[in-house]
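Input: a single structure, listed below in structure tokens.
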Amino acid sequence: MKISALFFGAAVAVASTLSQPNLAAAQEAEKVTLMLNWYVTGLHSPIILGKEKGFFKEEGVDLEIQEGRGSGPTVQAVAAGNVTMGFADLTTMMALAVKGAPVISIGSALQRSPFAVISLKEKGIDTPEKVKGLTIAMTAGDSPSQSWPLFLEKNNLTTNDFKTVNGDAKTKVNSVITGQADALLGFATDQGTQIEAATGKPVTNMLFADFGVNSIGSSFIVNTETVEETPELLKKFMRAATKSFEYASEHPQEAVDAVHKAYPNSGTPESLMTGLQTAIPLFKAKGAENLRPLRVTNAQVEETIATMIAVGTLQASDNDVGKYYTAAFLP
């Protein structure tokens, strides 16, 4: 009996000792609530995959992902301190930052703009001059429509060259599907996949970035107080996020499977794959292919600032790169 008791006691002690690292890791994990810019799409799959594979957990980050309802509301939630971090369009963040919102980007996923003229491939709309005489669906005030006048100017077009119909994001997609519009202004990583899934036909994404108008897109946004108060947490998060984007780019099927498993209503595996494959070439800017994901140069931010000044969203004096972006937390 004494031997059994001693053995039992030793076993408990060993089990307790072995469990200590896991217990410590659980206690040390810090909660991060990330709000996306929209419902989950293929673009978000690297983040979903990184969470599933434990990349964030390995860094001591307990990641909660919330779907969003647009970049504007997401940035506002970050500014108000309602979430730890947002995944939102950098230009939207900049527009709010100059109005006093305490926000800054700590890394950018889409380093080439996803803004595009989106149409069924059969329409043959692959260069700017081919929009002449067509009907274009757009949403007044959204990010692509704000850059549209500059796109027209850069490509020697005027608003007299085509007709427009206005509507929200869903209306735009439906108008192209039904043939009421020849094309729409939108996001290549989102609306194009919706049209393709609904029609079973390939689409053409005529990117603004390929025709003279580029700006950094979806980025990780935090409150400036978070930068001051929890810098180590941000470093942990960005290490995991960088690893997630690298891995997903090399293993897209795993990324799509992770999204479909966690968010079964996010779309078909085919549409998710199309969204991710559309996004991957936008993860790195031309000439910056040697940089790891999420890291941008000052020149890229300056290009985005110049675009926003040109479209009138920023003033000429709003040209301080450090006000909008820091690479301090990237690996």
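Take the sequence shown: its position 135, counted from the start at 1, is 135 in the working numbering, and no numbers get skipped.
We treat Cβ as the ideally placed atom computed from N, Cα and C, and that holds for glycine.
{"query": "Helix or strand or just coil, what does DSSP make of Y247?", "result": "helix"}
{"query": "Three-state secondary structure (DSSP) at T91?", "result": "helix"}
{"query": "To the nearest angstrom, how far is it from the Cα of A240 to the Cα of F56?", "result": "5 Å"}
{"query": "Over what stretch of residues does the alpha helix (DSSP H) that includes D257 continue unbroken?", "result": "P252 to A262"}
{"query": "Can you tell me which of the three DSSP states K201 falls into?", "result": "coil"}
{"query": "Can you round the beta-carbon distance between A109 and G60 to whole angstroms, since I take them to be within the 8 Å contact cut?", "result": "The pair is not a contact, with the Cβ atoms about 22 Å apart (cut-off 8 Å)."}
{"query": "Using beta-carbon positions only, say whether S147 and V311 come within less than 8 Å of one another.", "result": "yes"}
{"query": "Hey, out of P293, T268 and Q300, whose CA is closest to I216's CA?", "result": "Q300"}
{"query": "State the Cα-Cα distance for the pair G54 and R295, rounded to the nearest angstrom.", "result": "22 Å"}
{"query": "Can you name the residues that DSSP bridges to A116?", "result": "G186 and L207"}
{"query": "Relative to the alpha-carbon of F211, which residue among G167, P114, E67 and T189 has its alpha-carbon at the smallest distance?", "result": "P114"}
{"query": "So, under 8 Å CB-CB, V40 and I221 are touching, yes? Tell me the CB distance rounded to an integer number of Å.", "result": "V40 to I221, Cβ: 18 Å. No contact."}
{"query": "Apart from the five residues just before and just after K132, which ones in its own chain have a Cβ nearer than 7 Å to its Cβ?", "result": "D161 and F162"}
{"query": "Rounded to a whole number of angstroms, what is the C-alpha to C-alpha distance between G42 and S271?", "result": "8 Å"}
{"query": "By a C-beta neighbour count over all protein chains shown, 10 Å radius and 16 as the cutoff for buried, is P252 buried or exposed?", "result": "buried"}
{"query": "How far does the alpha helix (DSSP H) with I177 in it reach, from first residue to last?", "result": "A169 to T178"}
{"query": "Going by the beta-carbon positions, is the gap between G275 and T193 smaller than 8 Å?", "result": "yes"}
{"query": "Mind checking S315: buried by the 16 CB within 10 Å criterion, or exposed?", "result": "Strictly speaking, residue 315 in this sequence is Gln, with Ser absent from that position. Looking at its Cβ environment, which holds fewer than 16 other Cβ atoms inside 10 Å, Q315 is exposed."}
{"query": "On the DSSP letters alone, give me the boundaries of the alpha helix (DSSP H) that K143 sits inside.", "result": "As written in the sequence, residue 143 is Ser, which differs from the Lys given in the question. It spans S143 to K154 - the alpha helix (DSSP H) in which S143 sits, taken as one unbroken run."}
{"query": "For T158, collect the residues of the same chain with a Cβ closer than 6 Å to its Cβ; drop the 5 residues on either side in sequence, then sort them by chain order.", "result": "none"}
{"query": "On the DSSP bridge list, what partners appear for E30?", "result": "V61"}
{"query": "So, with DSSP's three-state summary, where would you put S45?", "result": "helix"}
{"query": "Would you tell me roughly how many angstroms separate the C-alpha atoms of A209 and T230, rounded to the nearest one?", "result": "35 Å"}
{"query": "Verify whether the separation of the beta carbon atoms of L234 and T226 is less than 8 Å.", "result": "yes"}
{"query": "Which residue's Cα is closest to the Cα of A137: V321, S249, L90 and T178?", "result": "T178"}
{"query": "Helix, strand or coil: how does DSSP classify S215 here?", "result": "coil"}
{"query": "Return the CA-CA distance between S218 and G124, expressed in angstroms with no decimal places.", "result": "28 Å"}
{"query": "Quick one, are the C-beta atoms of V75 and L34 less than 8 Å apart?", "result": "no"}
{"query": "Of the residues P128, L152 and K172, which one's Cα is nearest the Cα of D142?", "result": "K172"}
{"query": "Helix, strand or coil for M138, going by three-state DSSP, please let me know.", "result": "strand"}
{"query": "Pick helix, strand or coil for S108, following the three-state DSSP scheme.", "result": "strand"}
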